[in-house]
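In mature numbering (1 follows the signal peptide of the UniProt record, and there is no 0), the protein residues as written are -27 to -1, 1 to 171. From the three backbone atoms N, C-alpha and C, an ideal C-beta is built for every residue, glycine too. Note that the structure is predicted; figures quoted are calculated from it, not measured. Report on the structure given below.
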Amino acid sequence: MFNHFGRLAIPALLGTFGLLLGAHAHAESFDPPPLRNGQGQFVLLEPQTAVPSTPLHRLDGSVTTMEEFRGRIVLINFWATWCAPCVREMPALDALAAAVPSGWFVVAAVSFDQDDGQRVRAFVARHGLKHLTVLLDPDRRFGTLGKPGTASRPLPLYGLPASYVANRSGRATGYLVGPMAWDTPQARSFIDYLLTFE
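Laid out in C-alpha cells, this is it:
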C-alpha cells in the first residue's frame, strides 16, 4: 500500500514542483505581445509602480479607489469629452469591457473633465456606453499631464488619451499614449496575455 502510494505521490509532487518553478520563472518574465498605435507602442515600466489610492468619483457621486479592483487586471484609460481621439476610442473600449468577464478584467475610464460630471454623464448616455467603469478625476490628482521625464507622480501622462495597465496586485506594468483600436486582434492578443499571466 505504501509503495503504491509512493509511486503515485512522487510524480504528482514533482509535477507540482515543476509548476511552481514555471510560475516563478513566468512571474519574472512579463513580456506581453507588441501593442502599437499611430503614436508609439506599449511601454513597460521597470520597476513597476504602485497605482495610487487617490479617491475617484463615480457618476452616481459615490467615491472609490483602485483598491476596489485589486485581484483583477485593470485597463486605466485617461480621457476627456473635449478630446477628439478619446471620443473615437470610447466605443472600442466599451466593446472590450463587454467582451471580457468583469470578474477578471475592468476598463476604468478616468475622465479629465473639470466639472461635476454633468458633461461626462451626458456623453456616456449619448454614446450608449454601458460596460465601462467611468470615474471622475476633476482635480487631476490621479494622473498628471507633463512632458516625458518631468512628471513625478506615479501615473504621469504624456497626452490624452493614455492607458495604463494595472496587474492583479495593483501595480502599473506599463502604458500606451494615444488612441488604440481595442477591438482588433492585436489588442485582444495583448489583453489575453494579461489575463493568463500570473
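Under DSSP, the alpha helix (DSSP H) around Y166 begins and ends at which residues? P158 to T169
Helix, strand or coil for G53 per DSSP? Here residue 53 turns out to be Ala, not Gly, going by the sequence shown. If DSSP states are grouped into helix, strand and coil, A53 belongs with coil.
Exposed unless 16 or more other CB atoms sit within 10 angstroms - verdict on L(-7): Confidence is the limiting factor: at L(-7) the pLDDT is only 38, short of 50, which leaves the residue's position unreliable, though a coordinate-based value still follows. Answer is exposed; the Cβ neighbour count stays below 16.
Looking only at its own chain, which residues have a Cβ that is under 6 Å from the Cβ of G119, when we skip the five neighbours before and after it? P129
Could you tell me which of L109, T146 and M153 sits nearest to residue 182, measuring between CA atoms? This structure leaves residue 182 out entirely; the chain is present only between -27 and 171.
With three or more C-beta pairs closer than 8 Å as the rule, is the region 21 to 36 touching the region 65 to 80? no
Report the CB separation of P111 from Q91 in whole angstroms; it is logged as a contact under 8 Å. P111 to Q91, Cβ: 11 Å. No contact.
Any beta strand (DSSP E) of 3 or more consecutive residues that is wholly inside the region 105 to 152: 106 to 109, 135 to 139 and 144 to 150
Report the partner residues of H30 according to the DSSP bridge assignment. V36 and L109
Pair within 9 Å by beta-carbon distance, G143 and F42: yes
Buried or exposed for L17, going by 16 or more other Cβ atoms inside 10 Å? exposed
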